[in-house]
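Asker: Take this structure first; my questions come after.
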Amino acid sequence: MSRTMKNIDSFTHVRGESLFVDDLITRQDTLHGVVFDSPKAHGKITSVDYSKAAALKGVVKIFTHKDIKGENQIGGIMPDEPLWAEDEVHFWGQPIAFIVAESEVIAKKARKLIEIDIQDLPVITTAIEAKAMKSFISAPRYFKLGDTKAAFSDCEYVYEGETFSNGQEHLYLETQGCYAVPQENGSIKITSSTQGPTQVQKATARVLGVPMHKIEVDVIRLGGGFGGKEDQATPWAVMTAVAVQYLNKPVKYILNRHDDLRMTGKRHPYSSFFKIGLNKDLKIIAFEAEFLQNAGAAADLSPAIAERTLFHATNSYFVPNVSTTVHSCKTNLPPNTAFRGFGGPQGMFVIESAIAKAADQMGIDKRKIQEANLLAEGDEFPYGQIASNVEAQNSWFTAKDKFGVEQLEKEVKDFNSKHEHFKKGISFMPITFGISFTNTPMNHARALIHIYQDGSVGVSTGAVEMGQSVNTKMLQVAKLALGISAEKVKLETTNTTRVANTSPSAASSTADLNGKAVDMACSALIERLTGVAAKMAKAENEKISFQEDHVFVDGKKSRITWEALVAQAMLERVALSENAHYATPTIHFDKTKEKGHPFAYHVYGTAITGVTVDCVRGTYEIDYVKIVHDFGISMNMGIDLGQVEGALAQGIGWMTLEEIAYDTNGRLLSNALSTYKVPDIFSAPKIIETIPVETEGNKMAIHKSKAVGEPPLMYGIGAYFAIQQAVKAFNKNYELKFHAPFTPEKVLMGLYEKN
Ligand code: MTE
Ligand code: HPA
Ligand code: MOS
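Going left to right, the sequence shown walks through residues 2 to 756 as my numbering numbers them.
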């Protein structure tokens, strides 16, 4: 196949013509909603007075839980999340009511007129406090391999420590939003900025007390999701639908940035504890970790995210004795949610910290320990899957070789010996990331393809375009399978009436799952068209193929065009539409044993990160990140490189700059872009060099092109350890801490810390 193609949206993107929810032309009678949310993190609602707000001219109605005809429940994994609070509030920003007015300005004015009294209840903001108070979302999970107790007693070296990694704001450019329009007979069409159209449909039907067929959800594209719209696009859509059900008028709600920052959950902060044991050959013999996940006030996706933390707790290393536990801790923060990596990064940070601590105590390079323990073919993951087609060592040694590691390390040493007030650091970050939803039943997708009678083609799938360019990849799959040019293929919006019962676009699996379904649908169409073409060409079926918008006979281009073929198929009443279903084969997982084969395959890679720390100011620059990445056989290198670079920047931001802060009352302090710093052009690495690992690829991936959305985020973890090394080079007294993000403030304190 032609393994390159520009993102099909680039033309309309740069011209500002791409449509997002807020760009839709609305009906003239459209009303506007705004959420009234809790001004306290935990308490009993003793009274709410809506009278002044309701009396404001232009306010149509204020909706509360009392207006719900079905269930006041939107919890996906667990039924623990009301749409609107009833008697108690559990986080600052929890929706209590929904004001619908003739304009957004009026709705917001009315919001200020609502008077509420809340009787304070104790507020928990950290996972550690929650655990002490036995405040949990779900039962703990335990993964075990071998026998750590026995193994530790055989270890030459044993170290313990603790880590913290903070949350992270998704900061999608397009904030949450939706537009709901009444149709006939109580049906409602919702246009939503969601990664999970079916989730929105299902939750809406439940809250409205109507069958799912009454609710149509349409998604054009997202201005970014990053996991933040896997579950948390749902409440706003449901609220507007409740209003539509009652008022029979269209209702729109686009959150402004402040409301979005305050009311939505983020990446989960984790507090973790580790114990690592090594023998004198630097082999990691035993590893124990306890992860405390700060889930926030409701489950959302937390149990699934906690599970993925355990799946990735040993990262790219083989450890024969492992014992890990995760507690999903209930606190009074907004429910934390999916964020690129889905708990995996939090797990990997801990074992990397453990290795850093061991190396520091042993007085050797961290890299030596990493290198001695890389996964090999046939190694067993703690969850029972046997590693195959492993590229962990391949990517590591390719990076060493291609990027000239000895030279890079020598540069650091030379520089540090010459400079007093600037120090450089270098780190290695291998990654191993499992591809598939960890929840096996979610690994399926569908595609619906129409060939129209003029030969043009419409492709519908369950895939949501959110900037990752999945639509471009779907188009590539379709045009290759049908042998036609790109102009003939259109990617339709993602719509629940065309493709039903979808999993959210997530887990980096969207292109694999939906792409395989597109391929299957195209194959079925081609099979039918082959019969028609054979008759037209007076040749046998076996001789027919489709390429370059023509029928090929015996590998040679005939005069029969694609259009002529389709026209003939119409005359012969051959079906020109096909619906296909793909479900990932071979995967399974038994939660009672915590063993199985949950992943279709793994993605591997290695990043080398070089940094320079200004030891007077505590500021730092990322000089370079050099990556050998396992793309499989990339079907679109331009797009995939974009995913690597974007994910890397996001990972570096999480590890270095982005600092979510709540006060002890549970109020978000980092509630604007003036107080929440994301990487900009100045903090991005000066050089990013990415080369593909040489590999056979994996046929479980679409056209052997491996999933790329999330794995490279974890290269960003390397920045933490490179900075740490530079700090240590300046201050021998610095005691290694694993408390991310490593902000310039923390770096400065580390530089001048005295023992
Ligand atoms: N890239 C862009 N530009 N915007 C996004 O919102 N989301 C990420 C990743 N890359 C995202 C992105 C996340 S969290 C996931 S799971 C994958 O894309 C989802 O898409 P995929 O399954 O097609 O890789
Ligand atoms: N990854 C991302 N999203 C998910 C998953 C997963 O493994 N499971 C449920 N939602
Ligand atoms: Mo991605 S966190 O799986 O949406």
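Ideal Cβ positions, reconstructed from N, Cα and C, are used throughout, including at glycine.
Once you ignore the five residues that flank I561 on each side, which residues in its own chain have a CB closer than 8 Å to its CB?
Answerer: A534, M537, A538, H551 and V552.
Asker: Could you say if the stretch 140-160 and the stretch 195-203 meet the contact criterion of at least three C-beta pairs nearer than 8 Å?
Answerer: Segments in contact, no.
Asker: Pairs of beta-carbons, one from the stretch 398-409 and one from the stretch 572-584, closer than 8 Å: are there three or more?
Answerer: Contact between the stretch 398-409 and the stretch 572-584 is absent, because fewer than three Cβ pairs lie under 8 Å.
Asker: Given this structure, state the Cα-to-Cα distance separating A111 from V239, to the nearest angstrom.
Answerer: Cα-Cα distance, rounded: 21 Å.
Asker: Determine contact between the stretch 227-234 and the stretch 121-136, defined as no fewer than three beta-carbon pairs at a distance below 8 Å.
Answerer: Verdict: no, contact absent.
Asker: Measuring alpha carbon to alpha carbon, tell me which residue in P321, K474, A287 and G643 is nearest A518.
Answerer: That would be K474, whose Cα lies nearest to the Cα of A518.
Asker: Which full runs of the beta strand (DSSP E) of 3+ residues lie inside the stretch 475-548, going along the chain?
Answerer: The stretch 475-548 contains these whole beta strand (DSSP E) runs: 490-492 and 545-548.
Asker: Return yes when at least one heavy atom of the ligand MTE lies under 7 Å from the C-beta of T585, else no.
Answerer: Outside the cutoff, so no.
Asker: Check whether the Cβ of L302 lies closer than 7 Å to any heavy atom of the ligand HPA, and answer yes or no.
Answerer: Yes.
Asker: Going by C-alpha to C-alpha distance, which of A501, D301 and L376 sits closest to F340?
Answerer: It is D301.
Asker: Is A305 close to the ligand HPA? I mean its beta-carbon at under 7 Å from any heavy atom of the ligand.
Answerer: Flag set: Cβ of A305 near the ligand HPA.
Asker: Enumerate in chain order the residues of its own chain whose CB-to-CB distance from T265 is below 7 Å, with the five nearest sequence positions on each side excluded.
Answerer: Within the same chain, T265 has close Cβ partners Q177, G229, Q233 and P335.
Asker: Would you list, in sequence order, the uninterrupted beta strand (DSSP E) runs of no fewer than 3 residues that lie entirely inside the stretch 310-350?
Answerer: Here the runs fully enclosed are 322-331.
Asker: If the criterion is Cβ atoms closer than 8 Å, does the pair S706 and G633 meet it?
Answerer: Yes, they are a contact pair.
Asker: Taking 8 Å as the threshold (C-beta atoms), are P742 and A648 in contact?
Answerer: No, Cβ-Cβ distance for A648 and P742 is not below 8 Å.
Asker: Once you ignore the five residues that flank P321 on each side, which residues in its own chain have a CB closer than 6 Å to its CB?
Answerer: So the qualifying residues of the chain are G147.
Asker: Since E289 contacts T164 with CB under 8 Å, what's their CB separation in whole angstroms?
Answerer: In fact, because the Cβ distance is near 13 Å, the residues do not count as touching under 8 Å.
Asker: Please say whether T503 and A446 have beta carbons closer to each other than 8 Å?
Answerer: Cβ atoms of A446 and T503: closer than 8 Å.
Asker: Going by Cα to Cα distance, which pick from H259, T315 and G710 is closest to Q651?
Answerer: The candidate whose alpha carbon is nearest that of Q651 is G710.
Asker: Indicate whether N666 and A42 have their beta-carbon atoms separated by less than 8 Å.
Answerer: Going by C-beta atoms, N666 is nearer than 8 Å to A42.
Asker: Taking only the alpha-carbon atoms, compute the straight-line gap between A393 and E660 and give it to the nearest angstrom.
Answerer: Rounded to whole angstroms, A393 to E660 spans 31 Å at the Cα level.
Asker: Give a yes or no on whether 8 Å exceeds the smallest Cβ distance from T176 to chain D.
Answerer: Absent here is chain D; the protein component of the structure consists of one chain.
Asker: T511: beta carbon under 7 Å from a heavy atom of the ligand MTE?
Answerer: Indeed, a heavy atom of the ligand MTE lies less than 7 Å from the Cβ.
Asker: Measuring straight from C-alpha to C-alpha, what distance separates Q477 and A487?
Answerer: The straight-line gap from Cα to Cα measures roughly 8 Å.
Asker: Look at I427 and G611 and say whether their C-beta atoms are less than 8 Å apart.
Answerer: Yes, Cβ-Cβ distance for I427 and G611 is below 8 Å.
Asker: Cβ of M443 versus every heavy atom of the ligand HPA: is any distance shorter than 7 Å?
Answerer: True, at least one ligand heavy atom lies under 7 Å from that Cβ.
Asker: Assign M213 to one of three DSSP states: helix, strand, or coil.
Answerer: M213: helix per DSSP, three-state reduction.
Asker: In this structure, does DSSP put H582 in helix, strand or coil?
Answerer: If DSSP states are grouped into helix, strand and coil, H582 belongs with the strands.
Asker: Exposed or buried, which one is S52 when buried takes at least 16 other CB atoms within 10 Å?
Answerer: So S52 counts as exposed.
Asker: For R341, is the beta carbon positioned less than 7 Å from some heavy atom of the ligand MOS?
Answerer: It does: the Cβ of R341 is within 7 Å (strictly closer) of some heavy atom of the ligand MOS.
Asker: Do V391 and Y605 come within 8 Å of each other at the CB atom, strictly closer than that value?
Answerer: Going by C-beta atoms, Y605 is nearer than 8 Å to V391.
Asker: F144 to V323, Cα distance in whole Å?
Answerer: One C-alpha to the other measures close to 8 Å.
Asker: Which of helix, strand or coil does DSSP assign to H704?
Answerer: In the structure shown, H704 sits in a helix (DSSP, three-state: H, G or I).
Asker: How far does the beta strand (DSSP E) with A181 in it reach, from first residue to last?
Answerer: G178 to P183 is the extent of the beta strand (DSSP E) around A181.
Asker: Between which two residues does the alpha helix (DSSP H) carrying S154 extend?
Answerer: T149 to D155 is the span of the alpha helix (DSSP H), which, as asked, contains S154.
Asker: Helix, strand or coil, according to DSSP, for F722 in the structure here?
Answerer: Three-state result, F722: helix.
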